[in-house]
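J.: All residue numbers for the sequence shown refer to the working numbering, where the first residue is 49 and numbers rise by one.
One structure coming up, written as structure tokens, with questions to follow.
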Amino acid sequence: MPGLSTDSALLQPIEIGTLAAKNRLFMAPLTRARSNDDGTPTDLVVEYYRQRAGAGLIISEATQPSAVGKGYTNSPGLHTDAQQAVWAEIADAVHTNGGKIFVQIMHAGRISHPDNSGHEAVAPSAIAPGIQMFTKEGMKDIPVPRALDTPELPGIAAEFVDAARRAVAAGLDGVELHAANGYILHQFLADGTNKRTDAYGGDGDNRARFVIEVVEAVVAAIGADKVGIRISPGSPAGAISEEDSWGAYGSLLGALDGLGLAYLHALVDPGAEVLSRIRNAWSGPLVVNAGFERELTPAELEELVSAGPADAVAIGRRFIANPDLVERWTIGAGLNEPDAATFYGGDARGYTDYPFL
Ligand SMILES: Cc1cc2nc3c(=O)[nH]c(=O)nc-3n(C[C@H](O)[C@H](O)[C@H](O)COP(=O)(O)O)c2cc1C
Numbered sequence: 049m050p051g052l053s054t055d056s057a058l059l060q061p062i063e064i065g066t067l068a069a070k071n072r073l074f075m076a077p078l079t080r081a082r083s084n085d086d087g088t089p090t091d092l093v094v095e096y097y098r099q100r101a102g103a104g105l106i107i108s109e110a111t112q113p114s115a116v117g118k119g120y121t122n123s124p125g126l127h128t129d130a131q132q133a134v135w136a137e138i139a140d141a142v143h144t145n146g147g148k149i150f151v152q153i154m155h156a157g158r159i160s161h162p163d164n165s166g167h168e169a170v171a172p173s174a175i176a177p178g179i180q181m182f183t184k185e186g187m188k189d190i191p192v193p194r195a196l197d198t199p200e201l202p203g204i205a206a207e208f209v210d211a212a213r214r215a216v217a218a219g220l221d222g223v224e225l226h227a228a229n230g231y232i233l234h235q236f237l238a239d240g241t242n243k244r245t246d247a248y249g250g251d252g253d254n255r256a257r258f259v260i261e262v263v264e265a266v267v268a269a270i271g272a273d274k275v276g277i278r279i280s281p282g283s284p285a286g287a288i289s290e291e292d293s294w295g296a297y298g299s300l301l302g303a304l305d306g307l308g309l310a311y312l313h314a315l316v317d318p319g320a321e322v323l324s325r326i327r328n329a330w331s332g333p334l335v336v337n338a339g340f341e342r343e344l345t346p347a348e349l350e351e352l353v354s355a356g357p358a359d360a361v362a363i364g365r366r367f368i369a370n371p372d373l374v375e376r377w378t379i380g381a382g383l384n385e386p387d388a389a390t391f392y393g394g395d396a397r398g399y400t401d402y403p404f405l
């Protein structure tokens, strides 16, 4: 494979909020489940992110803002001082190696099991996802979550705010609010999971309301330039159904576009019509990830940024297997293959032992 040309759009810097990302090949958020049971990242996690500082921007794995918001075993949190201290080490390691990092804040909502979180799950409505999830005792059915009462919603928003403040205090460059892939913010947006009869359910404006309030609260706390958001309209990932496929997103982007957020991250098939709707509704930086179905070639990624709607692209599995992915693509070197068996949990194998060039 030929290397990228030096004037490749993918290798040009881009302003994300007030920071200058050195290239447009971002690392997508990737849950790797190597943190301690209490949500404190381990030294291995620090090393993993240090190795990947060549990305224009690292977007961290999904990180819970509270114990109730935890979905998966061994996922990191950012709601205790001990967790924050290790995130500070991660930020330092990435910065020392010339990189930038946002932490992805994810409240799992109904995609959670009491065996993993120690708590009953909460969600916009009491509807089980109808799928199983991994627990330390094997795969289990996910129970019906408890529907949040209206007066509880500011408390959930406050958890996002607290984690965002901790992110900044730890020296991280910003936060990505996870409103994609079926977790709590997406559960509010989607009509299949949100059957509320208060001001937070019903039409698109109402379903977008809570997500807008969370974004506004986080922006008020840490500044819009440090806040990104990820959406996945049209994707069924996370047991999501969206019969009204655009309504809530039109409302959401209409409200967010004027806030001056660092970026919008869309997980969408680049061929889907929804991508042009998103681009029309969004005047800020747009990061595109093509989703699980097909990995785009470097030439296709280049096209998406140079001629297409994206300002940057996020790459997942190839960053798992290639800590030096940007360098490899720059010079046209071959890639290591990712090992799916070691994606979630375990030790250094399949995590920090992928070879550099
Ligand atoms: C092991 C693994 C873990 C993932 N964890 C997350 C996550 O924590 N948050 C998120 O928004 N997406 C997550 N994703 C989705 C990726 O960000 C990305 O959208 C997906 O892998 C498709 O991109 P790719 O083809 O470049 O890998 C995960 C994907 C994989 C393979």
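In this text, a Cβ means the ideal position worked out from N, Cα and C, and glycines have one as well.
As the structure is a prediction and not an experimental result, all values here were calculated from the model.
1) In or out: ASN145 buried (at least 16 other Cβ within 10 Å) or exposed?
2) Of all the options ILE107, THR66 and THR111, which has the alpha carbon lying nearest to the alpha carbon of SER83?
3) Compute the Euclidean distance between the alpha carbons of PRO193 and THR79, then round it to the nearest angstrom.
4) Once DSSP output is grouped into helix, strand and coil, what is the label at TYR311?
5) When you compare each of PRO50, GLU200, ILE149 and GLY393 to ALA103 by their alpha carbons, which one comes out closest?
6) Closest to HIS441 by C-alpha separation, out of THR400, ALA139 and GLY117, would be which residue?
7) How about ASN229: is its Cβ closer than 7 Å to a heavy atom in ligand 1?
8) Would GLY252 and GLY295 be called neighbours here (beta carbons separated by less than 8 Å)?
9) Does the Cβ-Cβ distance between SER114 and PRO77 come in under 8 Å?
10) Measuring only the C-alpha atoms, how far is LEU373 from ALA310?
11) Of the residues ASN164, THR198, ILE153 and MET49, which one's Cα is nearest the Cα of PRO191?
12) Any idea what DSSP makes of PHE367, helix, strand or coil?
13) Based on Cα-Cα distance, which residue from GLN132, PRO199, THR241 and HIS234 lies nearest to ALA174?
14) With the cut-off set at 8 Å, would you say LEU126 and ILE153 are in Cβ contact?
15) Starting from the N-terminal end, write out each residue whose C-beta falls within a distance shorter than 7 Å of any non-hydrogen atom of ligand 1.
16) Smallest Cα separation from ALA130: which of ALA355, ARG214 and ALA287?
17) In the structure shown, what three-state DSSP assignment does ARG257 receive?
18) Terminal residues of the continuous beta strand (DSSP E) containing ILE106?
19) Note down, one range per segment and in chain order, each alpha helix (DSSP H) of at least 4 residues found wholly within the region 163-235.
20) ALA295 lies in the alpha helix (DSSP H); which residues open and close that run?
21) Please determine if the region 340-355 and the region 383-398 are in contact, where contact requires at least 3 C-beta pairs separated by less than 8 Å.
22) Three-state secondary structure (DSSP) at GLY252?
23) Mark LEU73 as exposed unless 16 or more other C-beta atoms lie within 10 angstroms of its C-beta, in which case mark it buried.
24) Apart from the five residues just before and just after GLY87, which ones in its own chain have a Cβ nearer than 6 Å to its Cβ?
25) Expressed to the nearest angstrom, what Euclidean distance is found between the alpha-carbon atoms of GLU289 and ALA238?
26) Which ranges would you report for the beta strand (DSSP E) in the region 57-124 if only whole runs of at least 3 residues count?
27) Is the distance from the Cβ of ASP140 to the Cβ of GLY219 below 8 Å?
T.: Based on what the coordinates show:
1) exposed
2) Nearest C-alpha to SER83: THR111.
3) 22 Å
4) strand
5) Ranking PRO50, GLU200, ILE149 and GLY393 by Cα distance to ALA103 puts ILE149 first.
6) Because the chain spans 49 through 405 in this model, residue 441 falls outside it and cannot be assessed.
7) yes
8) Contact flag set, yes.
9) no
10) 24 Å
11) ASN164
12) helix
13) THR241
14) Yes, the Cβ-Cβ distance between LEU126 and ILE153 is below 8 Å.
15) Qualifying residues come out as ALA76, PRO77, LEU78, THR79, ARG80, GLU109, ALA110, GLN152, MET154, HIS226, ALA228, ASN229, ARG278, LEU315, ASN337, ALA338, GLY339, PHE340, GLU343, ALA362, ILE363, GLY364, ARG365, ARG366, ILE368, PHE391 and TYR392.
16) ARG214
17) In the structure shown, ARG257 sits in a helix (DSSP, three-state: H, G or I).
18) 106-111
19) 201-217
20) Here the sequence assigns Gly to residue 295, which means Ala is not the residue at that position. Run containing GLY295: 295-304, per the alpha helix (DSSP H) assignment.
21) no
22) Helix.
23) buried
24) PRO124, GLY125 and GLN131
25) Note that residue 289 corresponds to Ser in the displayed sequence, not to Glu. A direct Cα-Cα distance of roughly 7 Å separates SER289 from ALA238.
26) Taken in chain order, the complete beta strand (DSSP E) segments of 3 or more residues contained in the region 57-124 are 62-64, 67-69, 73-75 and 106-111.
27) yes
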